[in-house]
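Novice: When we follow the numbering used here, the leftmost residue of the sequence shown carries the number 1, and every step to the right adds one.
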Amino acid sequence: MPRIVLLGPPGVGKGTQAGPLAKALAVPHLSTGELLRAAVAEGTPLGKEADGYMRAGRLVPDELVLHILTERLERPDARPGFLLDGYPRNRAQAETLARLVPVDIVLYFELPEATLVERLTQRRVCPTCGRLYNLATLPPKVPGRCDVEGSSLVQRSDDAPEAVRTRLRTYREQTEPLLEFYRSTGRLRSIDASGSTTEVGRRIRAAIDRPNP
Ligand code: AP5
Ligand code: MG
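1) Between which residues of its own chain and residue 170 is the CB-CB distance below 7 angstroms, once the five residues before and five after are set aside?
2) Is the closest heavy atom of the ligand AP5 to the C-beta of residue 138 under 7 angstroms?
3) Report the three-state DSSP secondary structure of residue 184 (helix, strand or coil).
4) Considering only residues of the same chain and omitting the five flanking positions on each side of residue 81, which have a CB-CB separation below 6 angstroms?
5) Inspect the CB distances between the region 197 to 211 and the region 114 to 125 and report whether three or more fall short of 8 angstroms.
6) Cutting at 8 angstroms between CB atoms, please list the residues of its own chain near residue 134, excluding the five before and the five after it.
7) Rounded to whole angstroms, what is the Cα-Cα separation between residue 188 and residue 174?
8) For residue 87, name the three-state secondary structure that DSSP assigns.
9) Using the C-alpha atoms, what's the distance from residue 87 back to residue 74?
10) Cβ-heavy atom distance between residue 159 and the ligand MG below 7 angstroms?
11) According to DSSP, is residue 118 helix, strand or coil?
12) For residue 146 and residue 140, which I take to be in contact (beta-carbon distance under 8 angstroms), what is that distance rounded to the nearest angstrom?
13) Taking 7 angstroms as the line, does the beta carbon of residue 33 fall inside it for any heavy atom of the ligand MG?
14) Do you know how far the Cα of residue 143 is from the Cα of residue 83?
15) Is it the case that the CB of residue 196 approaches a heavy atom of the ligand AP5 more closely than 7 angstroms?
What follows is the structure, encoded as structure tokens:
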């Protein structure tokens, strides 16, 4: 089973694609953003410390993220393979990950910045099951309600315009340089993340099935 990293800017569709892909590959979806949001919601000491950074759209300190990540990676379901979404996000994290586990494939999602901003500002989330919606592109059947749970959809606090600007800047400054790091390993595969979720899903499957050069 493969060990896959999903790399790409905020709003590009990593979380949307990760659900069905994880199911198809029979590996767990490990999202550091989701793990951190769960810690914030539970009010754990780690969550309390992370909350301010996340609201502002800044990176949570490396040691906090590493703590929740290693805890999750050590669970038996993640041993044979995983989809890692949102980690690494800077050079130090990439080096840490290389020491922790081998990575087979890095999928790099690409999309113009204007589309990222549109996707983020229109995003809504089900607070019960985490399902993702978009008011413009993937609306719920009943306005404001999750198709599965019927819960009232919410907006992520870091999808406010100021936090979105900070997240995009943080991505460009700290995460984008990882492209070179992974390109040099020969494991990077670029995905055009435009078009429908089905089209993007097809490109991802084709990229995973392609042998390494
Ligand atoms: P995280 O949760 O990882 O957020 P992110 O990287 O900013 O990415 P997003 O979740 O916003 O976007 P996505 O690519 O998953 O897009 P989605 O599928 O939702 O991190 C949040 C915060 O946690 C960070 O800012 C940081 O503070 C902290 N953090 C996390 N990891 C960390 C780390 N390693 N180190 C330090 N701090 C860390 O899609 C977006 C929208 O588009 C949705 O509305 C969706 O419905 C729609 N959409 C998706 N695909 C399509 C499509 N093909 N067509 C039309 N609409 C689409
Ligand atoms: Mg996400």
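Even for Gly, the Cβ is constructed at its ideal location relative to N, Cα and C.
Being a predicted model, the structure only gives us computed values, none of them experimental.
Specialist: Short version:
1) 57, 58, 59
2) yes
3) coil
4) 1, 2, 3, 27
5) no
6) 119, 122, 123, 124
7) 17 angstroms
8) coil
9) 16 angstroms
10) no
11) helix
12) 6 angstroms
13) yes
14) 31 angstroms
15) Yes, the ligand AP5 has a heavy atom inside 7 angstroms of this Cβ.
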